[in-house]
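Shown next, in C-alpha cells, is the structure this report addresses.
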Amino acid sequence: MEFEQFRHFIFSEAGIDMPPSKRALIQSRLAVRLRELELNSFSAYWQKLQHPSGAAERQKAINLLSTNETYFFREPDHFTWLQQHVIELSKHGNRHIKIWSAACSTGEEAYTIAIVLAEALGINGNWQLFASDINTRVTAFAKRGVYPLERAKKTPPHLWQKYFLRGRDEYSGQVRMVPQLIKRINFFNLNLLQSDAYQQSGFDIIFLRNVLIYFNEETKLKVLGNLCPKIINGGHLLISHAETIRNKELPLFMDGPSRYCVNQPFNPHR
12 MEFEQFRHFI FSEAGIDMPP SKRALIQSRL AVRLRELELN SFSAYWQKLQ HPSGAAERQK
72 AINLLSTNET YFFREPDHFT WLQQHVIELS KHGNRHIKIW SAACSTGEEA YTIAIVLAEA
132 LGINGNWQLF ASDINTRVTA FAKRGVYPLE RAKKTPPHLW QKYFLRGRDE YSGQVRMVPQ
192 LIKRINFFNL NLLQSDAYQQ SGFDIIFLRN VLIYFNEETK LKVLGNLCPK IINGGHLLIS
252 HAETIRNKEL PLFMDGPSRY CVNQPFNPHR
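Structure representation (C-alpha cells):
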C-alpha cells in the first residue's frame, strides 16, 4: 500500500513515473531516511510527509527519489557538436550565447558544457550557462564543484589538465573544477513541471538529457511544451540517446542524433 502512495507522491510532485519494478529502489532509498528519523515503518514516514509542517521533509523525499548518477563528457557526440555549433554562432558578430542544462543532477553535464564553451569562446567569453534540478541536494553538491576522480575519467587529458585541480591529503581521490569555471554557471532549483514560470528565455540550446525516460507521454508533452517557448527559433533541444520525442504537436524536428531544432513559435494551450 505505501509503495503505491510513494509512487503517486513522486509522480505528482516531480512527474517521475516509477513502475512497479522500482519498488525495491524506492524502499532502499527511503529506508535511509527512516533510519535517520528512527521511524519503524514506511507508513509512519508517509504520515510525516502528509503533515502540514512536512514541506521540508517532502523535499528531502524528492531528493532521495530523484537522484541520478552521471559523469563528465557523457554521450560525447553532443559536446563535439556543441563546440562546432557555438563557434559557428560566434562568427555572427559579438553573438551572446545562452545555454541551459535543465536537469543538471550533480553538475557534471553543466561543467562539461562550460568546458566546451570555454575552449570554443574563452572562459570569459560572451556566453551564459544556467543549470537547474528539482533536487536541492544535488545542486548544492554541484555548486561546490568537487567530484570523485572516477567521474572525470572520460574527460580528454588536455582538458583535464586545464579545468580540474587534483585533491590532496583529505581530498585525495577527488578533483575540483577551477574557480573561474565554477563562477560561470548559475545553479538553481526548478521543477520542470513548473518551468513555464521560469523568467529566463531566449536560449540557443537546452540540454534535457536522461530525464524524459522517467516521464509518461502526458508529462513529456507538458515539460517539452513548457521548454520549447524558452528556445529561440532555430535553437536546439538535446536529449539522451536513450530517449525519443514522438509528439507531432511540438515544433521540433530532428536534425541529428537526439538533437532537435525549434522551427516555429509554440503555444502549449492551443
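Terminal number for the sequence shown in my numbering: 281, no gaps in between. Cβ atoms here follow ideal geometry from the backbone N, Cα and C, with glycine treated the same way.
Residue 172 versus residue 54 - alpha carbon distance: Cα-Cα distance, rounded: 50 Å.
Own chain partners of residue 153 with C-beta closer than 6 Å, once the 5 adjacent residues on each side are dropped: Residues of the same chain with a CB within less than 6 Å of the CB of residue 153, apart from the 5 flanking positions on each side, are 117, 118 and 198 in chain order.
Cut-off 8 Å between Cβ atoms - residues of its own chain near residue 274, not counting five sequence neighbours on either side: Once the five neighbours on either side are set aside, the close Cβ partners of residue 274 are 244, 245, 262, 263 and 264.
In this structure, what does DSSP give as the bridge partners for residue 267? Within the DSSP secondary-structure output, residue 267 pairs in a beta bridge with 270.
Please report the distance separating the alpha-carbon of residue 100 from that of residue 187. Each residue's alpha carbon lies about 30 Å from the other.
I'd like the list of long-range same chain contacts for residue 281, defined as Cβ closer than 8 Å, with 5 residues on each side in sequence excluded. Because the pLDDT of residue 281 is 37, which lies under 50, any placement of that residue in the model is unreliable, and the number read from its coordinates should be weighed accordingly. Here the set comprises nothing.
Specify, as a first and last residue, the run of the alpha helix (DSSP H) that residue 14 falls within. It spans 13-25 - the alpha helix (DSSP H) in which residue 14 sits, taken as one unbroken run.
Span of the beta strand (DSSP E) holding residue 175? Run containing residue 175: 175-177, per the beta strand (DSSP E) assignment.
Where do the ends of the alpha helix (DSSP H) carrying residue 56 lie? Per DSSP, residue 56 belongs to the alpha helix (DSSP H) from 53-61.
Pairwise C-alpha distance: residue 250 and residue 224: Rounded to whole angstroms, the gap between the alpha carbons of residue 224 and residue 250 is 10 Å.
To the nearest angstrom, report how far apart residue 67 and residue 57 are at their CA atoms. Cα to Cα, residue 67 sits roughly 14 Å from residue 57.
Measuring only the C-alpha atoms, how far is residue 228 from residue 32? Whole-angstrom Cα-Cα distance: 19 Å.
For residue 251, report the span of its alpha helix (DSSP H) as first-last. Membership of residue 251 in any alpha helix (DSSP H) is not indicated, and neither H nor E is assigned to it by DSSP.
Can the beta-carbon of residue 126 be found closer than 8 Å to that of residue 215? No, these two residues do not count as a Cβ contact at 8 Å.
Specify the secondary structure class of residue 90 as computed by DSSP and reduced to three states. In this structure, residue 90 counts as helix in the three-state DSSP scheme.
Unbroken stretches of the alpha helix (DSSP H), 4 residues or longer, contained in the segment 131-215: List check, alpha helix (DSSP H) in window: 147-155, 168-174 and 190-193.
Is residue 97 near residue 132, with beta carbons less than 8 Å apart? Taking 8 Å as the Cβ cut-off, residue 97 and residue 132 qualify as a contacting pair.
Look at the alpha carbon of residue 220 and the alpha carbon of residue 61, and state the distance between them as a whole number of angstroms. Straight-line measurement puts the Cα of residue 61 at about 31 Å from the Cα of residue 220.
If you count every other CB in all the chains shown that lies within 10 Å of the CB of residue 93, and 16 or more means buried, which is it? A residue is called buried when at least 16 other Cβ atoms come within 10 angstroms of its Cβ; residue 93 meets this threshold and is buried.
Can you tell me which of 47, 91, 84 and 174 puts its alpha carbon nearest to the alpha carbon of residue 72? The residue with the shortest Cα to Cα distance from residue 72 is 47.
Please indicate yes or no: does the CB of residue 266 lie closer than 7 Å to some heavy atom of the ligand GDP? With respect to the ligand GDP, the structure offers nothing, as it holds no ligand at all.
Just the C-alpha distance for residue 266 and residue 82, rounded to the nearest angstrom, thanks. Roughly 25 Å between the two C-alpha positions.
Cβ pair residue 123, residue 90 closer than 8 Å: Cβ distance < 8 Å, so residue 123 and residue 90 count as in contact.
Please return the same chain residues whose Cβ sits closer than 8 Å to the Cβ of residue 192, not counting the five positions on each side in sequence. Closer than 8 Å at Cβ, skipping near neighbours: 122, 125, 126, 129, 134, 156 and 174.
Drop a sphere of 10 angstroms on the beta-carbon of residue 247, count the other beta-carbons inside from all chains shown, and report buried for 16 or more, exposed for fewer. Taking a 10 Å sphere around the C-beta of residue 247, we find 16 or more other C-beta atoms and assign the residue as buried.
Just to confirm, is the Cβ distance from residue 111 to residue 217 under 8 Å? In this structure, the beta-carbon distance from residue 111 to residue 217 falls below 8 Å.
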